[in-house]
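Scroll down for the structure; my scribbles are underneath it.
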Amino acid sequence: MTASPPPSAPLWQATVLTLFPEMFPGPLGVSLAGRALAGGIWTLEARDIRASATDKHRSVDDTPAGGGPGMVLRADVLAAAIDAAAVAPERPKLLMSPRGRPLTQAFVRELADGPGPLIVCGRFEGIDQRVIDARELIEVSIGDYVLSGGEIAALVLIDACVRLLPGVMGKLESATDESFSDGLLEYPQYTRPQLFEGRPIPDVLTSGDHAKVAAWRRAQAEALTQARRPDLWAEWQVRQTLEQSRTSQKAPKSTTDG
Numbered sequence: 001m002t003a004s005p006p007p008s009a010p011l012w013q014a015t016v017l018t019l020f021p022e023m024f025p026g027p028l029g030v031s032l033a034g035r036a037l038a039g040g041i042w043t044l045e046a047r048d049i050r051a052s053a054t055d056k057h058r059s060v061d062d063t064p065a066g067g068g069p070g071m072v073l074r075a076d077v078l079a080a081a082i083d084a085a086a087v088a089p090e091r092p093k094l095l096m097s098p099r100g101r102p103l104t105q106a107f108v109r110e111l112a113d114g115p116g117p118l119i120v121c122g123r124f125e126g127i128d129q130r131v132i133d134a135r136e137l138i139e140v141s142i143g144d145y146v147l148s149g150g151e152i153a154a155l156v157l158i159d160a161c162v163r164l165l166p167g168v169m170g171k172l173e174s175a176t177d178e179s180f181s182d183g184l185l186e187y188p189q190y191t192r193p194q195l196f197e198g199r200p201i202p203d204v205l206t207s208g209d210h211a212k213v214a215a216w217r218r219a220q221a222e223a224l225t226q227a228r229r230p231d232l233w234a235e236w237q238v239r240q241t242l243e244q245s246r247t248s249q250k251a252p253k254s255t256t257d258g
């Protein structure tokens, strides 16, 4: 799916190194991401790591040094695949890994604001540490669990980034009101019918009072975050304290004449 990018729009690129390139674009080829891909807002290249193998069997892995179960992706083959991709030096090189840096909304925004990453999808027991060090791969995790490979994690990362690109979402406010955008979980949402199985829409949301709606949503977001994610709540409180301190320090001191 290729097309010319919209005028003056930056082209965000995703390059994926995988043993299963047929998994892409997958779900990225439909809905918001798919329309943006077809419209040229971003591009996707899935490259087969096995194409960089040098023996007749196209071997990409070997047994772990020191023994142990499973197989490990070879440093020489993966390094050759990374080099063959020839991505610009300013593009980050990521490795999807359960031991990596957590993929937070702030990190997603950072990646979406850049030129787009090269993403390595591991398999088996992992990849040789030497290629991680030699190619300066940034390990990234989408959660505290283990998948069969990095492809699904790469799809998650790309989708999270693409939806933030200019021209992808219909309303910019949709992104700013979501969970994690300001450190809090999102408030509950409602729509018609007014009454569902005896459960009404909260009166405040149909009051027409925008200030009261905003206050209710804020209170709900705070309550949900405190109850479900005490870790986020603690971080948010610290940030609020720091912001209040900075604001008070910047406030001009009152003066009187005489």
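Quick note: the sequence shown uses our numbering, first residue 1, plus one each step.
Cβ coordinates follow ideal geometry from the N, Cα and C atoms, glycine included.
Model, not experiment: these values are computed from the prediction.
**Request:** Work out the CA separation of residue 229 and residue 58 for me, nearest whole Å.
**Result:** 46 Å
**Asked** Relative to the C-alpha of residue 20, which residue among 49, 11, 38, 41 is closest?
**Response** 49
**Request:** Could you spell out where the beta strand (DSSP E) holding residue 93 opens and where it closes?
**Result:** 93 to 102
**DSSP three-state assignment for residue 47, whether helix, strand or coil** = strand
**Asked** When you compare each of 88, 27, 62 to residue 128 by their alpha carbons, which one comes out closest?
**Response** 62
**Asked** Just curious, the beta strand (DSSP E) that residue 224 is in, first and last residue?
**Response** It is not in any beta strand (DSSP E) - residue 224 instead sits in the alpha helix (DSSP H) that spans 210 to 228.
**Asked** Who are the near neighbours of residue 131 in its chain, counting only those whose CB is closer than 7 Å to its CB and skipping five residues on each side?
**Response** 75, 78, 79
**Prompt:** Is the stretch 120 to 127 touching the stretch 197 to 207 in the sense that three or more CB pairs, one from each, lie closer than 8 Å?
**Reply:** no
**Item:** Among 139, 108, 120, 92, nearest to residue 165 - alpha-carbon criterion
**Value:** 108
**Item:** Of the residues 86, 122, 182, the one placed nearest residue 243, counting alpha carbons only
**Value:** 182
**Message:** Less than 7 Å between C-beta atoms, sequence neighbours within five positions excluded: which residues of the same chain meet that for residue 54?
**Reply:** none
**Request:** Please confirm whether residue 118 and residue 15 have their CB atoms less than 9 Å apart.
**Result:** yes
**Request:** Whole angstroms is fine: what's the gap from residue 138's alpha carbon to residue 87's?
**Result:** Distance between the alpha carbons of residue 138 and residue 87: 15 Å.
**Residue interval of the alpha helix (DSSP H) (run including residue 110)** = Note, residue 110: alpha helix (DSSP H), 105 to 112.
**Request:** Under 7 Å Cβ to Cβ from residue 135, same chain only, skipping five residues before and after it: list those, please.
**Result:** 79, 82, 93
**Request:** Sort 157, 133, 148 by Cα distance to residue 140 and report the nearest one.
**Result:** With distances taken between Cα atoms, residue 140 lies closest to 157.
**Prompt:** Roughly how many angstroms separate the alpha carbons of residue 66 and residue 46, rounded to a whole number?
**Reply:** 33 Å
**Item:** Cross-strand partners of residue 233 (DSSP beta bridge)
**Value:** None; residue 233 has no bridge partner.
**Request:** With a 10 Å radius around its C-beta and 16 neighbouring C-beta atoms as the bar for buried, classify residue 22 as buried or exposed.
**Result:** Looking at its Cβ environment, which holds fewer than 16 other Cβ atoms inside 10 Å, residue 22 is exposed.
**Asked** Going by DSSP, what residues sit across from residue 72 in a beta bridge?
**Response** 62
**Range of the contiguous alpha helix (DSSP H) that encloses residue 118** = Residue 118 -> not in any alpha helix (DSSP H); beta strand (DSSP E) instead, spanning 118 to 121.
**Request:** Please go through the same chain and pick out, in chain order, the residues whose beta-carbon is closer than 7 Å to the beta-carbon of residue 236, but skip the five residues on each side of it.
**Result:** 183, 184, 225
**Prompt:** Which whole runs of the alpha helix (DSSP H) in the stretch 114 to 169 are 4 residues long or more, in chain order?
**Reply:** 129 to 134, 151 to 162
**Request:** Tell whether a beta-carbon distance below 9 Å holds between residue 73 and residue 162.
**Result:** no
**Residue environment, residue 116, which counts as buried when at least 16 other CB atoms sit within 10 Å** = buried
**Request:** Let me know if residue 90 comes out buried or exposed under the rule of 16 or more other beta-carbons within 10 Å of its beta-carbon.
**Result:** exposed
**Message:** For a test of the three-state rule: what should DSSP assign to residue 185, helix, strand or coil?
**Reply:** coil
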